[in-house]
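Taken in order, these protein sequences are the chains called D and Y. Quick note: the first sequence, position 112, residue 114 per the numbering used here, numbers continuous. Quick note: the second sequence, position 26, residue 28 per the numbering used here, numbers continuous. Let me begin by presenting the structure, written as structure tokens, before commenting on it.
There are 2 protein chains.
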Amino acid sequence: MSSNSQDPLAPLVRKLGLWSPLDSQDEEAVLALPYTLRTLTAHSYIVREGDNPESSCLLVSGFAYRQKVVGNGGRQILALHMKGDIVDLQNSLLRTADHNVQALTKVEVAFIPREAVKKLAFGRPSVGMAMWYDTLVDGSVQREWTANVGRRDATTRMAHLLCEFGIRLEDAGLGDRCDYELPMTQEQLADATGLTSVHVNRTLMALDRDKITDRNKRAVRVVDWNRLAEVGDFSSEYLHLQDEVAAPR
Amino acid sequence: MSSNSQDPLAPLVRKLGLWSPLDSQDEEAVLALPYTLRTLTAHSYIVREGDNPESSCLLVSGFAYRQKVVGNGGRQILALHMKGDIVDLQNSLLRTADHNVQALTKVEVAFIPREAVKKLAFGRPSVGMAMWYDTLVDGSVQREWTANVGRRDATTRMAHLLCEFGIRLEDAGLGDRCDYELPMTQEQLADATGLTSVHVNRTLMALDRDKITDRNKRAVRVVDWNRLAEVGDFSSEYLHLQDEVAAPR
DNA sequence: CGACGTGTTGAAGGAGCTCAATCTAAGTGG
DNA sequence: CCACTTAGATTGAGCTCCTTCAACACGTCG
Chain D
3 MSSNSQDPLA PLVRKLGLWS PLDSQDEEAV LALPYTLRTL TAHSYIVREG DNPESSCLLV
63 SGFAYRQKVV GNGGRQILAL HMKGDIVDLQ NSLLRTADHN VQALTKVEVA FIPREAVKKL
123 AFGRPSVGMA MWYDTLVDGS VQREWTANVG RRDATTRMAH LLCEFGIRLE DAGLGDRCDY
183 ELPMTQEQLA DATGLTSVHV NRTLMALDRD KITDRNKRAV RVVDWNRLAE VGDFSSEYLH
243 LQDEVAAPR
Chain Y
3 MSSNSQDPLA PLVRKLGLWS PLDSQDEEAV LALPYTLRTL TAHSYIVREG DNPESSCLLV
63 SGFAYRQKVV GNGGRQILAL HMKGDIVDLQ NSLLRTADHN VQALTKVEVA FIPREAVKKL
123 AFGRPSVGMA MWYDTLVDGS VQREWTANVG RRDATTRMAH LLCEFGIRLE DAGLGDRCDY
183 ELPMTQEQLA DATGLTSVHV NRTLMALDRD KITDRNKRAV RVVDWNRLAE VGDFSSEYLH
243 LQDEVAAPR
């Protein structure tokens with residue numbers, strides 16, 4: 003491990019390294035990316051729909067979400083992001099942001115000039131492949147979310163979200179899938195699952211009543227992971243955690 | 003135009019060229035990709051969830067869709083694809099397919115070995131950028147679909163789908179947004195919008211009754227595009243049709 | 001202390017679902 | 001050319017999951 007864990011870019015090196023094996027030169031090149039570090043309060047906009055940002059951004063600490071507002075005023079939360087996630091890789095290529103990215107909690111964000119990202123991607127193929135891979139996994143998660151809100155009932159949707167968040171936290175080394183802090187209001191959960199906050203409340207209470215979870219404020223304790231995964235129709239393949247680029251056949 | 007329009011890969015050159023300007027060497031490199039052309043009947047699987055395909059595939063003619071089956075037996079159609087779309091770019095990097103790709107009509111598909119795709123992507127940065135761009139646009143469309151099924155009512159969802167399909171057909175030079183053939187059953191439309199076929203039927207009939215569309219079998223004639231777009235809460239930004247990589251600031 | 005954001009609960013209503021019947025058009029085989 | 005089949009579209013009736021609206025509880029923070 004040549005990456006200094008104090009370095010704001012270290013989580014990025016870690017993440018990219020999971021996708022594609024990086025040699026020390028690759029790692030150094032990533033760590034050499036120019037960036038501006040900024041601390042934002044909860045609810046701040048990191049990217050606004052319609053912006054033409056000159057930077058991509060990396061989530062260095064805290065949690066964020068992607069979001070879109072539709073014509074009738076409804077809001078759909080599209081994805082959740084945590085430390086090490088590149089919340090806006092697309093801005094290195096696409097010109098106009100097609101959705102909003104907002105801070106869920108207080109966050110630290112590293113803004114990296116798009117030109118630097120592009121140069122790195124094509125200058126060091128392993129890094130480029132890892133970034134592309136990251137984009138593809140994002141797409142896979144988005145498909146799962148489409149299926150989640152499109153074809154699952156309320157209980158299943160909620161349980162699925164709880165599973166995904168737990169697994170991803172654990173994978174990022176940020177917590178335990180069976181005991182974590184979910185930094186979202188029930189209204190935000192509603193916007194993530196395509197429900198209303200009232201119904202989210204009833205659904206969560208039912209999971210508690212059935213002894214599948216045991217919540218306390220925002221703290222989620224999963225009493226029976228297997229049952230939660232079953233109720234949530236959850237299977238982690240879509241997160242592509244195992245099959246790195248170079249995985250043996 | 004050095005690309006021969008008879009060449010199965012020509013639509014790919016066209017599409018990538020829209021995203022990122024390609025010089026003649028780039029175009030030749032794309033056309034030089036090795037591939038196997040196959041004709042498949044409607045309903046055939048092009049990729050199956052869980053497969054570890056050794057090829058990416060390009061839709062040379064016909065229509066296809068991505069699809070996922072959830073625990074309760076429900077099916078969610080995740081995306082629609084037409085001539086020139088790379089229906090499986092992700093398989094060049096991801097190992098395991100996370101969803102199914104199926105032929106909607108009779109299709110011709112070119113299977114391109116993943117190694118060749120990777121080599122091209124990193125050997126010719128303009129092409130690689132165009133491919134990455136394509137991936138990003140796919141992601142954007144997927145987000146819109148998530149919002150569509152998550153936060154819009156039945157009428158809006160259907161109208162939105164009709165708008166998207168029309169615009170994309172037109173953009174691909176395959177038809178007129180106000181008069182086209184939608185090669186889907188109402189059950190498939192239901193799976194795409196997260197509704198039931200019965201409700202899709204009532205919704206479509208209401209659009210006809212309101213003189214917004216005028217359908218005849220699978221033929222869709224849009225009587226009033228502006229009203230359809232309004233009812234469908236449709237705005238084409240998420241398709242990123244205008245803002246190519248090299249677009250002037 | 002009062003105000004605000006969030007969670008919790010109840011009651012009533014509705015958008016969309018389920019089930020099931022009927023209709024239509026396009027085969028298909030004799 | 002016609003009887004038969006079949007996939008898909010259309011329609012009706014009843015039901016349910018989730019929404020809406022509204023009230024109340026609770027903790028935090030100025």
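C-beta atoms are modelled at their ideal positions from N, C-alpha and C, and glycine is treated no differently. Predicted, not measured: the structure shown is a model, and the values here were computed from it.
Interface with chain D (7 Å Cβ-Cβ cutoff): Asp140 (chain Y) is included.
Using a Cβ distance threshold of 7 Å, Val89 (chain Y) and Ala149 (chain D) do not count as a contacting pair.
Taking C-beta separations shorter than 8 Å and ignoring five residues to either side along the sequence, the partners of Arg154 (chain Y) in its chain run His162 and Asp235, following chain order. The C-beta separation of His45 (chain D) from Phe65 (chain D) comes to about 12 Å, leaving the pair out of contact by the 8 Å criterion. The beta carbon of Asp53 (chain D) sits closer than 6 Å to the beta carbons of Ala99 from its chain, once the five residues preceding and following it are set aside; these are given in chain order. For Phe167 (chain Y), the uninterrupted alpha helix (DSSP H) run begins and ends at Ala156 to Asp173, by DSSP. A contact between stretches requires three or more CB pairs, one per stretch, nearer than 8 Å, and the region 138 to 147 of chain D fails this requirement with the region 120 to 127 of chain D. Taking Arg159 (chain Y) as the centre and dropping the five residues before and after it, the same chain places the C-beta of Asn150 and Thr195 closer than 6 Å to its C-beta, in chain order. Residues of chain D with a Cβ closer than 7 Å to the Cβ of Tyr240 (chain Y) are, in chain order, Asp100. Judged by DSSP secondary structure, Lys120 (chain Y) falls within the alpha helix (DSSP H) whose first and last residues are Arg116 to Gly125. Look at the region 186 to 226 of chain Y and you find these whole runs of beta strand (DSSP E), each 3 residues long or longer: 215 to 218 and 221 to 224. Residue contact check for Trp227 (chain D) against chain Y: no CB pair falls below 7 Å.
One Cα belongs to Gly75 (chain D), the other to Glu117 (chain Y), and the distance between them is close to 46 Å. Taking CB atoms only, Leu96 (chain D) has a neighbour in chain Y less than 7 Å away. Under a criterion of Cβ atoms nearer than 9 Å, the residues of chain Y adjacent to Val72 (chain D) are, in order, Ala149, Asn150, Gly152, Arg153, Arg154, Thr158 and Asp235. Here Thr107 (chain D) has Ala44, Gly64, Phe65 and Pro185 as same chain residues with Cβ atoms under 7 Å from its own Cβ, once five neighbours each way along the sequence are excluded.
The DSSP-derived three-state label of Thr43 (chain Y) is coil. Put simply, of D:Leu91, D:Ala81 and D:Asn102 the residue whose alpha carbon is nearest the alpha carbon of Phe167 (chain D) is D:Ala81.
Val222 (chain D) is positioned such that its CB atom lies no closer than 7 Å to that of Ile214 (chain D). Taking 7 Å as the upper bound on Cβ-Cβ separation, chain Y lies near residues Phe124, Pro127, Gly130, Met131, Trp134, Tyr135 and Thr137 of the region 103 to 137 of chain D.
In its chain, beyond the 5 residues on either side, Ser58, Arg116, Val119 and Lys120 have a beta carbon closer than 7 Å to the beta carbon of Ser94 (chain D).
Residue-level contact by beta carbon fails for Arg170 (chain Y) and chain D, as no gap is shorter than 7 Å. Following the DSSP letters along the chain, one finds Lys70 (chain Y) in no alpha helix (DSSP H) but inside the beta strand (DSSP E) bounded by residues Phe65 to Val71.
One thing to note: Leu11 (chain D) has its Cβ within 7 Å of the Cβ of Leu33 (chain D). Listed as beta-bridge partners of Val103 (chain Y) by DSSP are Y:Val49 and Y:Arg68.
A residue is called buried when at least 16 other Cβ atoms come within 10 angstroms of its Cβ; Met207 (chain Y) does not meet this threshold and is exposed. D:Gln78 is the residue among D:Glu29, D:Arg220, D:Glu239 and D:Gln78 whose C-alpha sits nearest the C-alpha of His101 (chain D). For Arg77 (chain Y), the pairing in a beta bridge is given by DSSP as Y:Val71. Interface criterion met: the Cβ of Gly196 (chain D) is under 7 Å from a Cβ in chain Y. When Cβ-Cβ separations below 7 Å define contact, Gly177 (chain Y) makes no contact with chain D. In the three-state reduction of the DSSP assignment, Glu56 (chain Y) falls in the coil class. Listed by position along chain D, the residues whose Cβ is nearer than 7 Å to that of Gln78 (chain Y) are Thr148, Ala149, Gly152 and Arg153. Residue state for Val15 (chain D) is assigned as helix, using DSSP reduced to three classes. Taking Thr205 (chain Y) as reference, the option from Y:Arg179, Y:Val233 and Y:Asp178 with the minimal CA-CA separation is Y:Val233.
A residue is called buried when at least 16 other Cβ atoms come within 10 angstroms of its Cβ; Pro13 (chain Y) meets this threshold and is buried. Under the three-state reduction of DSSP output, Thr38 (chain D) falls in the strand class.
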